[in-house]
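Taken in sequence, the protein lines are chains X and G.
In this text, residue positions in the first sequence follow full-length UniProt numbering: the first is 1, and each later residue adds one.
In this text, residue positions in the second sequence follow full-length UniProt numbering: the first is 1, and each later residue adds one.
Ideal Cβ placement from N, Cα and C applies to all residues, glycine included.
Computed from a predicted structure; not experimentally measured.
Just below is one structure, and these are the notes that go with it.
There are 2 protein chains.
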Amino acid sequence: HYGHLLKPYKMILQILSLHQVSPAAERLRYILNEEDDMPTPTLFTEMDTLQREGDELEWKESARWVKFEEKVEEGGERWSKPHVSTLSLHSLFELRTCLQTGTVLLDLEGYSLPQIVDDIIERQIEEGMISPELREKITFVLLRKHRHQTKKPIHRSLADIGKSSSSTSECPVLKCSSSCKKKRLHYGNSHAQSRSMNDIADTPSTDQLKNKFMKKIPRDAEASNVLVGEVDFLNKPFVAFVRLAQATTLGGLTEVPVPTRFLFILLGPQGKAKSYNEIGRAIATLMVDDLFSDVAYKARDREDLIAGIDEFLDEVIVLPPGEWDPKIRIEPPKKVTSADKRKSVFSLNELGQMNGTAGGGGGLAQDEEMPQQHELGEELAFTGRFCGGLYLDIKRKLPWLPSDIYEGFHIQSISAVLFIYLGCITNAITFGGLLGDATDNYQGVMESFLGTALAGTVFCLFSGQPLIILSSTGPILIFEKLLFEFSKNNDIDYMELRLWIGIHSCLQCFILVATDASYIIKYMTRFTEEGFSSLISFIFISDAIKKMVGSFKYYPIDTDFKPDYVTTYKCECLAPDPTKWFVYSQPRYHLCLTKKSLCSPLSLLSLDWSQLSKKECVKYGGSLVGKSCKYVPDLALMSFILFFGTYSMTVSLKKFKFSRYFPTKLRKLISDFSIFMSIMTFVGLDMLLGLKTPKLIVPTEFKPTRPGRGWLVMPFGKNPWWVYVASFVPALLVTILIFMDQQISAVIVNRKENKLKKGCGYHLDLLWVGVLMAACSFMGLPWYVAATVISIAHIDSLKMESESSAPGEQPQFLGVREQRMTGILVFALTGVSIFLAPVLKFIPMPVLYGVFLYMGVASLSGIQFWDRIKLCMMPSKHQPDFSYLRHVPLRKVHLFTLVQIICLAVLWILKSTFLAIIFPVMILGLMVVRKMLDMVFSQHDLAWLDDLLPEKEKKKKEDAKKKGKEKDKKKPKADDSEEEVRNLSFCCPLYFYQSTSSGGINYMNVEYV
Amino acid sequence: HYGHLLKPYKMILQILSLHQVSPAAERLRYILNEEDDMPTPTLFTEMDTLQREGDELEWKESARWVKFEEKVEEGGERWSKPHVSTLSLHSLFELRTCLQTGTVLLDLEGYSLPQIVDDIIERQIEEGMISPELREKITFVLLRKHRHQTKKPIHRSLADIGKSSSSTSECPVLKCSSSCKKKRLHYGNSHAQSRSMNDIADTPSTDQLKNKFMKKIPRDAEASNVLVGEVDFLNKPFVAFVRLAQATTLGGLTEVPVPTRFLFILLGPQGKAKSYNEIGRAIATLMVDDLFSDVAYKARDREDLIAGIDEFLDEVIVLPPGEWDPKIRIEPPKKVTSADKRKSVFSLNELGQMNGTAGGGGGLAQDEEMPQQHELGEELAFTGRFCGGLYLDIKRKLPWLPSDIYEGFHIQSISAVLFIYLGCITNAITFGGLLGDATDNYQGVMESFLGTALAGTVFCLFSGQPLIILSSTGPILIFEKLLFEFSKNNDIDYMELRLWIGIHSCLQCFILVATDASYIIKYMTRFTEEGFSSLISFIFISDAIKKMVGSFKYYPIDTDFKPDYVTTYKCECLAPDPTKWFVYSQPRYHLCLTKKSLCSPLSLLSLDWSQLSKKECVKYGGSLVGKSCKYVPDLALMSFILFFGTYSMTVSLKKFKFSRYFPTKLRKLISDFSIFMSIMTFVGLDMLLGLKTPKLIVPTEFKPTRPGRGWLVMPFGKNPWWVYVASFVPALLVTILIFMDQQISAVIVNRKENKLKKGCGYHLDLLWVGVLMAACSFMGLPWYVAATVISIAHIDSLKMESESSAPGEQPQFLGVREQRMTGILVFALTGVSIFLAPVLKFIPMPVLYGVFLYMGVASLSGIQFWDRIKLCMMPSKHQPDFSYLRHVPLRKVHLFTLVQIICLAVLWILKSTFLAIIFPVMILGLMVVRKMLDMVFSQHDLAWLDDLLPEKEKKKKEDAKKKGKEKDKKKPKADDSEEEVRNLSFCCPLYFYQSTSSGGINYMNVEYV
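So, in structure tokens, the structure goes:
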């Protein structure tokens, strides 16, 4: 007995197979493609509702839309947060009927509201929809004045206070003693009354002009006004949709002085205010919809508008009532499908890509969704010509040179310069100190400062990627240390040997540049990059912690100290045993002569030993006796407080950007200057307490650290000739090291997600690194290479975000302020720092270690590897929705992470041994491991977790092509039928439903009856 | 020319005015009301899609629903997070058509899947929907085996690895060399093939039985299975909806061993897999919808189901495509509209209460949305009888006594006991120490411990609200201090006077109890409560910080210390000038006799002064000379680290509950024990360093702190007789103080949001406080009263949350584990602590101050007043969506906050002066201020920001009644018409659209044609 139902079903199939797309889409495709060159203006939509204030009627703004809805909160008298408009399906259908039955006036010549209202009413009377006697009443209502949320209703709040005592009398007695009731019934019939027929001014009011909201609306925007209200003289709704031929400012209609293009009016009988409101919200939401607003601008007739609604309905996202509370305001999403993408789709079949996409034959479809491959671009293409890459680099970068200068003048640069400057001098001091230790002061803090300033400035001026910050790095430090020991043991002059290594290395760099060797960087995938950069981060973190722990050793705490027995704690310098005196004094006497102090044996004997300081005591051979000699009070703990305080304050201030307090700009400022502010705070705290914590020691005199050496190293004379040649071998190691270190940092800086626009210059960079190597070698300064962590920090501090235009829209990351000024300034400041000693000497070292720790941790946080490590500790249901987790089984993700952890552990162990010198070779090892991963993981998984290696990528593409062809060959029929079936919507009630109303194909309805 | 459109519009109006509600709602109302007594079981829905594994067809689970959707992530091979199912409107309409055209079998007698499938196919053949030759093919497909997500597809991952190398050959050669293609075309025609016709087992597999997911599904649940897939032998869809007469376990059909009740099958031609999936998701979402599942259980025919969909569609929430990306998975909301509420609404007119509710005539409607008033319930009703309240209290609490004991046996109690115990002894020690100072050790730490244990145990055993924790409080401390000074200055015996005050106060409490005086607590609104509790919180915070700062004074840091000049730092004890010796020695000699040490002048002279400790040195009249005498190294900084570390670690561990790491249970455990863990950590750190930080000093001997006094205070003998009478006056002050302190804490504990079920006993509590006062006075122990902060902490640590049943559902706060055991244990432990000295002595005081700070801050965070203070610092667009902000203008909120801040500031200043003694009267002052606020703020605003005072509330209710009556009288006609209009849906395309399909009222379609 279900047989009768089969017939219409068959009918639909027959009918729809005639239509390739839905009739609505067909219509829209036609009108939207008509003149696609001119973009339609953005629409600002305001919805006003009719309300009674005492005995006055007025239109009160109740919501507005730029992209998202902002509602006037009645009680709160303020704007709600922008939120996604959640509509009821019911109101959308009601709206559809309204547009079907109401007056639609397209391209009306309107210059003022009264005239427009007149035209609408005229039309309605003409069509017999309202009786002529309603004309005056409707006109009167529609021309009531509009109150916008901007106006502070002071009188209301006073009234409100009054209300609490006399809230029962609704109609103020004083104001309208007798005519109160009358007025309500006879709207505008009596012109004699105080209120005129037209409350709307012709010119925009000062309120409108002063409205600050204007800056959130694009310049070319036009307004659409939605007016809804209930009146007691109508018994059926009065609906009108008007598009003006020219956008016109209609007096005080709109909150902002934006010309009105669209007008939607809905007046209805009393009792259904909520329903009218919902309809108003529905049309307002439609008007700000990119697609529908286009339709509204280009619609030729009522049917086009309805087709627009139908298309909207078809794209609509539906939440089941049992799973969502409509009262929850949905925060605007981070990103939405762009309008262009939506416009390009006009067939229903492309739909259904909902969050479900529940598998099912869609297995292939899902695999198609491959992640974007990282493309290193043509910068790394192998040209095959001599210096081809270098030539292209220069050609690419030269035009940007002027903008590299003037784009640096921005307030953000100041914070970046301060931040990076502090990082740089911390680095310079740390590495300077370590180098001084390692090379017996051949290179010390002074050389480190000078070299950083020189190399950095030159690099930032001429390099291909001025965002890279040069610095001494760990591997080079280790190399220098080994080299110094080698030359000391073999009686070779260290500085001369070093100079020759530098020259060789420089030449080798030139060869690498000339042969476009940097192209092999292409084989460095995320795996290698992340391995390298997390290693560097770990080194930063461990160094910072080591330094901190070190201060506990340097300032040992007397844990047995009993405050009450303070009398038993002392440290006395005892004179050496006079009988042994002459034995010891002789060698010391020698040394003493060089100093000013009186240190003849005679004077030594006459010394007041108890007055000597610890150092002096030891120097003169005294012995320190006492419980407190070994200990230094407070400093270790104070150092810890400064260290940890700086770190955690920086972290909290960085996070402050995402808090709710204070205006966005102030928050951003605080976040940008977080490091500077924490440093200042803890320097201040340190000064306040006045403890002798270890301070930053900046050289004050401009001279080499080691007295014996000058500012220039001579290439010949101190070593035998074969050393000049043999230094080629260590130079090779240095070259590999520099090449890897430099280029990996460059790749990380040039990552696609940083959205750099000015391109990069791997070859040019390497050239300058080579040149600077030789230069530094000649001057006896340390060697410099790109420092990953500081470079990333540099990029981060220069990131630009869009000022979000529509309220609720997320600011977009636009790119990085690419310029040379910040770098140049940083290094100029570093150079000047030699003279800044009086200021810098207040900075305690633990504060700088805290900054180090922060830099290490912060650079870890951006790394996917680190995210994956964290995943291991989360139960799978709490894991964040990373895209690779949707596509790669968890155990494979963990396996991949494990491989990385093992690699890192091995690297870390090697780094800690003498093998540290072959560090660069180990990075090459990482690339080999990555190559082997190809055998364990599928290319699909690797594409999500890592990047594909170039040849694999090529192969995959070819495979895909081949496959496609084979498919085409194999089953041409199946494909055709697929195409057919796709176009044949087998069950499509929406069309059906459309066709009933569009009056097009209606015979199937007859079938039904 | 729009005239022809008017006609149907009028028609709709006419037709719909006949229907009071929509036809769908009418239908549903009928079937749902039929047998509303039996609730329908919860439905677990599983959707399986047909997939090809190599050459095998199988059904693969692709999503499941308990309440929210969980999708199988193809690539990730795991379940997605539960999320709200976002559907496309299109798929819902398609589903509707499917149900209209497909086979619907209700109450089918089915015992196995093959039989059910047979029945369906039989029916379809009968109705001519499919040709009989498809029978075998369809049966074969439908009986393929089901693979659920629980099974680890190991073979697949191996295959996956293989695929990376040989992904081009889709059809494994070894397995099906020749028959591969054949098989695909001839489904199940050849029984000779390895696969049998029926892959479905009859009994549930072990995988099913072992599935842990079972515990997330309610016991009585039934399953609905959705099967969708594309096959190549059909040219139109095969649709069936089956409801079985009895829920039956159909072998391995469902992931869990839950009997199947519903079956939805959709097989269709190839090429539209995505569309089928969406339809499957739509029916699955419908099946878990509370309302639709009810309809599905009770539907009599196809039309009922369709009416169910229509109702669903009508309630649906729609997101505009331009404002939301369908790919975003929406997290389940905190709460959804309950099914019952939804069921009670069957008219469309109640709809439209969307997040907009955009004002517009709805001004009144919004005001109706008043916040829930806090109701103190009958506990505080004025009975008018002698001891009426007390009698009721006892009557109310007595039946709960057994459960008060056995409900205490729960693992959560342990953490609560530990937490509160630590808070209590910290309090006991702190107040004990302070009292000892204030009363010259008449009451000291020993008395404090003993009193706390005694009073606490008694109160927890017999009181009305055993969740309240008694403790010494600040105001009482101040009172004791003043009293002691007074009695010392006037030569009155302090202990006796105190005893009499205690007796008087006890009697006054009895009078208050007997007269039901506690009912005035009703006049304490949120304003007063919050004022009081934030004051207490601030006292906690400021005390903790003061103590911390104090340790910097107690252990001064030598900020001028130069490590190098350690030799110049010492502290020597110099013997007093021998010439002056005899002058000084005489008085001291006297004292020395009482001690054991040799301190005759002779021995003094023979003393080795340099061996004396600091204290001894001072005692014997020596003078301390040296730079380091004044200073104590490290201890202050270490104290700070311990203090701040404990505080911040506790805060972080508390927050850890909301992190993503570790399973929920472990996180909850960590969060519950956060205080204990931080204390342990920092005690450990302190022990590790071994510094002599100030430790908790617990009395080891059981005897009064002051040697002179015994354990009992005699009432007579030491003071003149009039003192016994006059002590009535100070007793009155103490009574007010105790009354206010006790009852405000009780109100806070009994707040509605704590969902206490066992009621409270204000009168009973006060009775016991009075009794304990007298008892403590007799024993010379401090007085005890409810402590707000610790009581709140007690409640917090005993909160119960529901084990969330459906995945994605938020756990609900169920209430508090109301029992007497935790309190009794806490105080028993406090008593025992006198003997725990060897363990407790390791706890450094700064750690306890850290706990204090945490308690203060934590109890602030739950207070609305604090939220409002924070609002002042937020720009309005970033403010959280507090409900009162939607209803009260921001400036009024700020004004209210300002008033509170001023009140608090005044209280704080008064507290710091001698006026502290009238602290309780000041709380009464707060109530007066609140009364005055009635004149400044409207009742509407106060209802949102505060609570209404009892008489106002009454008045308001009466007003509302009166108003309602007046309204009724005034415009009976208007109301009637409103009713009429409400029922007359003026434009209702959905009905229209329904009527076309339901075959009911179709003549208006004819109009259209």
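Within 7 Å of any Cβ in chain G, is that where the Cβ of X:Trp324 sits? Yes, X:Trp324 lies at the interface with chain G (some Cβ there is under 7 Å from its Cβ).
Considering G:Cys573, what are the terminal residues of the beta strand (DSSP E) in which it resides? 572-574
From G:Gln864 to G:Glu530, what distance separates their C-alpha atoms? Taken atom to atom, the span from the alpha-carbon of G:Gln864 to that of G:Glu530 is near 8 Å.
Beta carbon of G:Phe716, beta carbon of G:Tyr519: below 7 Å? No. Outside cutoff.
Count the C-beta pairs between the segment 492-500 of chain G and the segment 775-786 of chain G that are closer than 8 Å, then say yes if the count reaches three, no if not. yes
Does X:Val173 pass the burial test, meaning 16 or more other C-beta atoms within 10 Å, or should it be called exposed? Residue placement at X:Val173 is flagged as unreliable, the pLDDT there being 35, under the threshold of 50; a coordinate-derived value is accordingly withheld.
Apart from the five residues just before and just after G:Val625, which ones in its own chain have a Cβ nearer than 6 Å to its Cβ? Glu572, Leu574
Per DSSP, which one or two residues make a beta bridge with X:Arg147? X:Lys60
Rounded straight-line distance, which links the Cα of X:Ile265 to that of G:Ser985: For G:Ser985, the predicted structure reports a pLDDT of 35, less than 50, and the residue's modelled location is therefore unreliable. A value from the coordinates is still provided. Each residue's Cα considered, the two are about 18 Å apart.
Between X:Pro846 and chain G, is any beta-carbon pair separated by less than 7 Å? no
So if DSSP puts residue 1089 of chain X in a beta bridge, which residue, or which two residues, is it bridged to? As displayed, chain X neither begins before 1 nor continues past 1009, which places residue 1089 of chain X out of reach and without an answer.
Where the alpha helix (DSSP H) containing G:Val302 begins and where it ends: Residue 302 of chain G is actually Arg in this sequence, not Val. Per DSSP, G:Arg302 belongs to the alpha helix (DSSP H) from 302-315.
Do X:Ile557 and G:Asp634 come within 7 Å of each other at the CB atom, strictly closer than that value? Contact: yes.
Straight-line Cα distance separating X:Pro846 from X:Ile869: 29 Å
Please list, in chain order, all residues of the same chain as G:Thr439 whose beta carbon is under 8 Å from its beta carbon, the five residues on each side excluded. Glu480, Lys481, Phe484, Tyr494
Closest to X:Ala63 by C-alpha separation, out of X:Asp48, X:Glu77, X:Leu57, X:Glu56, would be which residue? Closest in C-alpha terms to X:Ala63, from the list X:Asp48, X:Glu77, X:Leu57, X:Glu56, comes X:Asp48.
Whole-angstrom distance between G:Ser678 and G:Leu244, CA atom to CA atom: 58 Å
In angstroms, rounded to a whole number, what distance separates the CA positions of X:Asp310 and X:Ala24? 7 Å
Meets three-Cβ-pair contact criterion under 8 Å: the segment 744-752 of chain G and the segment 787-801 of chain G: With the cut-off at 8 Å, the segment 744-752 of chain G and the segment 787-801 of chain G touch.
Assigned secondary structure, X:Leu772 (DSSP; H/G/I helix, E/B strand, else coil): Residue state, collapsed to three classes: helix.
Output yes or no for whether 7 Å exceeds the beta carbon distance between X:Ser413 and X:Thr822. yes
Among residues of its own chain, excluding the 5 on either side of X:Gly852, which ones have a beta-carbon nearer than 7 Å to its beta-carbon? In the sequence on display, residue 852 of chain X carries Phe and not Gly. For X:Phe852, where only same-chain residues beyond five positions count, the Cβ hits under 7 Å are Thr426, Phe540, Asp543, Ala544.
As a quick exercise: from X:Val832, X:Gly252, X:His894, X:Leu825, pick the residue whose alpha carbon is nearest that of X:Thr700. X:Val832
Leaving aside the five residues before and after G:Glu809 along the sequence, list all residues of the same chain whose C-beta is less than 7 Å from its C-beta, in chain order. Same-chain partners within the cutoff: Lys67, Pro332.
Would you mind telling me which residues of chain G sit closer than 8 Å to X:Ser876, beta carbon to beta carbon, in chain order? Arg78, Trp79
Closer than 7 Å, CB to CB, is G:Leu43 near chain X or not? no
Rounded distance between the beta-carbons of G:His148 and G:Glu255, thought under 8 Å: 4 Å
Nearest-angstrom Cα distance between G:Leu772 and G:Ser471? Here the C-alpha atom of G:Leu772 lies approximately 12 Å from the C-alpha atom of G:Ser471.
Could you confirm whether any beta carbon from chain X is found closer than 7 Å to the beta carbon of G:Leu89? yes
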